[in-house]
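Participant: Following UniProt numbering, the numbering of the sequence shown begins with 1 at its first residue and continues without gaps.
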Amino acid sequence: MSTFRFLYNFRIGFNKKFGVVNILNNCYKSIRILSTMTTPHKLCMVPGPVEFHEDVLTSMSTPSDSHVSPSFIPIFGESIELLRKLFFTNKGQPFIVSGSGTLGWDMVASNLVEPGEDVLVVNTGYFGDSFYECLKVYGAKVTQAKAEIGDRPSLETIADILISKKFKAITITHVDTSTGVIVDVKAIAELVKQKSPDTLIIVDGVCSAGAEEIRVDEWGLDVVLTASQKALGVPPGLSIVIASERAIGVYKQRKSPITSYYASWAHWLPIMIAYESRKGAYFATPPVQLIYALNTSLKLITSIPLETRFQQHKETSNRVKDTIEAMGLRFIPKSREIAANGMTAVYYPEGIQALDLLPKVAGHNILIAGGLHKSIASKYFRIGHMGISVTEPNRGHIDKTIESLEISLKELGYKK
Numbered sequence: 001m002s003t004f005r006f007l008y009n010f011r012i013g014f015n016k017k018f019g020v021v022n023i024l025n026n027c028y029k030s031i032r033i034l035s036t037m038t039t040p041h042k043l044c045m046v047p048g049p050v051e052f053h054e055d056v057l058t059s060m061s062t063p064s065d066s067h068v069s070p071s072f073i074p075i076f077g078e079s080i081e082l083l084r085k086l087f088f089t090n091k092g093q094p095f096i097v098s099g100s101g102t103l104g105w106d107m108v109a110s111n112l113v114e115p116g117e118d119v120l121v122v123n124t125g126y127f128g129d130s131f132y133e134c135l136k137v138y139g140a141k142v143t144q145a146k147a148e149i150g151d152r153p154s155l156e157t158i159a160d161i162l163i164s165k166k167f168k169a170i171t172i173t174h175v176d177t178s179t180g181v182i183v184d185v186k187a188i189a190e191l192v193k194q195k196s197p198d199t200l201i202i203v204d205g206v207c208s209a210g211a212e213e214i215r216v217d218e219w220g221l222d223v224v225l226t227a228s229q230k231a232l233g234v235p236p237g238l239s240i241v242i243a244s245e246r247a248i249g250v251y252k253q254r255k256s257p258i259t260s261y262y263a264s265w266a267h268w269l270p271i272m273i274a275y276e277s278r279k280g281a282y283f284a285t286p287p288v289q290l291i292y293a294l295n296t297s298l299k300l301i302t303s304i305p306l307e308t309r310f311q312q313h314k315e316t317s318n319r320v321k322d323t324i325e326a327m328g329l330r331f332i333p334k335s336r337e338i339a340a341n342g343m344t345a346v347y348y349p350e351g352i353q354a355l356d357l358l359p360k361v362a363g364h365n366i367l368i369a370g371g372l373h374k375s376i377a378s379k380y381f382r383i384g385h386m387g388i389s390v391t392e393p394n395r396g397h398i399d400k401t402i403e404s405l406e407i408s409l410k411e412l413g414y415k416k
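(1) So what's R395 in DSSP terms, helix, strand or just coil?
(2) Straight-line CA distance for M386 to E315?
(3) How about S178 and F95: do their beta carbons lie closer than 9 Å?
(4) Spell out the partners DSSP gives C44 in its beta bridges.
(5) Going by DSSP in three states, F76 sits in which element: helix, strand or coil?
(6) So if DSSP puts G342 in a beta bridge, which residue, or which two residues, is it bridged to?
(7) Based on the DSSP output, what are the partners of F381 in its beta bridges?
(8) Using the beta-carbon count (16 or more within 10 Å), is A231 buried or exposed?
(9) Excluding the 5 residues flanking R215 on each side, which residues of the same chain have their C-beta closer than 7 Å to its C-beta?
(10) What separation, rounded to the nearest whole angstrom, lies between the Cα atoms of I366 and K400?
(11) Assess contact between the segment 43-52 and the segment 257-276, defined as three or more Cβ pairs (one per stretch) separated by less than 8 Å. Is contact present?
(12) Do you know how far the Cα of P63 is from the Cα of P348?
(13) Kindly indicate the opening and closing residues of the beta strand (DSSP E) around N123.
(14) Could you compute how far the alpha carbon of A354 sits from the alpha carbon of L412?
(15) Short of 6 Å in beta carbon distance, which residues of its chain neighbour S208, apart from the five on each side in sequence? Order them along the chain.
(16) Would you give the residue range spanned by the beta strand (DSSP E) that D184 belongs to?
(17) Is there contact between the segment 139-157 and the segment 108-120, where contact requires at least three CB pairs shorter than 8 Å?
(18) What residue range does the beta strand (DSSP E) around P94 cover?
(19) Considering only residues of the same chain and omitting the five flanking positions on each side of V21, which have a CB-CB separation below 7 Å?
(20) Below 8 Å CB to CB, which residues in the same chain sit around S130 once its five sequence neighbours on both sides are set aside?
(21) When you compare each of D322, T296, I301 to N341 by their alpha carbons, which one comes out closest?
(22) If you pair each beta-carbon of the segment 289-299 with each one of the segment 75-83, do three or more pairs fall below 8 Å?
(23) Quick one: what's got a C-beta closer than 6 Å to H364's C-beta in the same chain, skipping five residues either side?
(24) Please list the terminal residues of the continuous alpha helix (DSSP H) segment that includes A243.
(25) Are three or more beta carbon pairs between the segment 188-208 and the segment 328-335 nearer than 8 Å?
(26) Given this structure, state the Cα-to-Cα distance separating L135 from T39, to the nearest angstrom.
(27) Please tell me whether Q312 and V390 are closer than 9 Å, where the distance is taken between their beta carbons.
(28) Do L225 and I248 have their CB atoms nearer than 9 Å?
(29) P153: which of I273, I338, Q93 sits nearest, CA to CA?
(30) For the candidate residues G233, L162, G180, G371, whose alpha-carbon lies nearest to that of D151?
(31) So, V122 versus I158, is the Cβ gap smaller than 9 Å?
(32) Helix, strand or coil for F331? Go by DSSP, reduced to three states.
(33) Using a 10 Å radius around the Cβ and a threshold of 16 neighbouring Cβ atoms, would you call L114 buried or exposed?
(34) Thinking C-alpha only, which one of V320, K186, I388 is nearest R382?
(35) Determine whether the beta carbon atoms of G92 and E307 lie at a separation below 9 Å.
(36) Taking 9 Å as the threshold (C-beta atoms), are G351 and Y414 in contact?
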């Protein structure tokens with residue numbers, strides 16, 4: 001809790017009544033707020049939501065504030081600018097909207113794709129399947145480049161599909177949280193420019209933004225969508241989208257009506273432009289406290305070189321995977337080369353199931369996640385290692401998680 005918050009509460013009590021009891025009550029309330037930030041709890045080491053920095057949580061502990069107040073407007077505007085820095089773009093248009101990462105799919109499908117147009121989905125798991133289903137709802141004709149579970153489609157496969165017809169867009173799940181597989185966005189973007197240069201390049205970066213490198217301008221990406229609760233280190237509730245100038249142009253030139261009300265860029269684009277210009281505007285009420293939290297987190301993230309942050313995630317990922325491999329366990333990704341840096345997906349050892357391992361690990365005050373991919377959901381578990389758990393190793397989150405996993409497996413009788 002900030003000193004300002006403490007003194008604010010103290011002053012209010014003192015002004016209302018010159019009495020020791022009232023002053024102490026307000027001190028107690030301030031201490032209670034602080035204690036909720038630092039109370040021991042089970043570490044949330046799932047692949048999102050992640051552990052949140054104390055400053056991020058404190059920044060949400062504000063009195064109620066209007067979304068068009070002089071104090072909030074510059075926070076919103078600065079957050080838009082900080083997102084450009086995170087995604088290495090000078091001209092991309094950020095959108096910060098109340099919703100989950102899934103809302104980003106609806107924004108893409110309703111603003112950029114018209115009914116009957118072809119879209120190619122690069123599918124590496126559950127979230128590729130879901131993006132496919134979302135696009136179909138909006139009338140797109142969807143083709144998939146799909147690989148076996150734990151693998152990713154080859155560039156040759158994608159190239160063959162790209163030249164088979166005219167695609168309005170290609171969607172790429174950078175990291176599929178269900179499998180832990182990462183695809184080479186840069187290489188696919190280069191391929192699209194060669195084989196189908198008019199095709200919009202859409203990246204689902206929900207499980208990669210903030211943990212993996214994403215260079216919007218240099219790689220020629222048209223949309224990157226993400227959410228607040230993973231490597232960005234903010235509680236769930238914010239859908240974040242970066243749109244290129246080309247994508248905005250396509251949206252403005254569409255021939256048929258936009259097929260969503262809430263997700264329509266016709267509503268949201270003027271709002272983002274206004275806030276960045278330090279002017280209030282209204283379409284739907286933004287989550288004020290979450291945007292305060294986002295602003296704080298983005299400042300923390302960009303306070304060090306982003307390349308350093310990405311390297312920290314890579315090194316931590318290697319350490320986690322080396323340790324798990326030494327235990328004799330197998331990963332969902334077919335090789336370490338295609339395994340994400342912000343999470344690890346691991347098959348249960350023979351004879352051990354989710355109902356055995358997950359409660360055991362939770363008993364050691366660590367939360368890890370079960371499987372998500374429909375075909376193998378009961379056969380594996382997932383560990384998240386992103387955000388402050390990685391960038392602030394002195395917290396000991398990674399060590400505690402590995403230790404708890406090792407102890408839990410031994411308690412269940414597992415031997416390598």
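A virtual CB, placed ideally from N, CA and C, is assigned to each residue, including glycine.
Facilitator: Concretely, from the data shown:
(1) Looking at R395 - three-state DSSP - the assignment turns out to be helix.
(2) 11 Å
(3) no
(4) L367
(5) DSSP places F76 in helix when its eight states are reduced to three.
(6) Answer is none; G342 lacks a bridge partner.
(7) Bridge partners of F381: V346, G370.
(8) Counting Cβ neighbours within 10 Å, A231 comes out buried, since at least 16 surround it.
(9) When the five nearest sequence neighbours on each side are left out, the beta carbons in the same chain lying within less than 7 Å of the beta carbon of R215 are those of F88, in order along the chain.
(10) 8 Å
(11) no
(12) A small fix is needed here, since residue 348 is Tyr in this sequence, not Pro. The alpha-carbon atoms of Y348 and P63 are separated by roughly 46 Å.
(13) 118-123
(14) Near 12 Å, if we compare the C-alpha coordinates of L412 and A354.
(15) Sequence-distant partners of S208 (beyond 5 residues in either direction) whose C-beta falls short of 6 Å from its own C-beta, in its chain, are H174, V175.
(16) For D184, there is no enclosing beta strand (DSSP E), as DSSP marks it with neither H nor E.
(17) yes
(18) 93-98 is the span of the beta strand (DSSP E), which, as asked, contains P94.
(19) Below a pLDDT of 50, predicted positions are generally treated as unreliable, and V21, at 43, falls in that range; the measurement from the model is reported next regardless. If we look at V21 and ignore the five residues flanking it on each side, it has no Cβ neighbours.
(20) T102, W105
(21) D322
(22) Touching, yes.
(23) S404
(24) No alpha helix (DSSP H) contains A243, which is instead part of the beta strand (DSSP E) from 238-243.
(25) Result no; under three Cβ-Cβ pairs closer than 8 Å.
(26) 43 Å
(27) yes
(28) no
(29) Among I273, I338, Q93, the Cα nearest to that of P153 is on I338.
(30) G180
(31) yes
(32) Under the three-state reduction of DSSP, F331 is assigned to strand.
(33) It is worth fixing the name first, because residue 114 is Glu in this sequence and not Leu. Flag for E114 reads buried.
(34) Selection V320, K186, I388 evaluated against R382 yields V320 as nearest (Cα-Cα).
(35) Their beta carbons are not under 9 Å apart, which means G92 does not touch E307 by this criterion.
(36) yes
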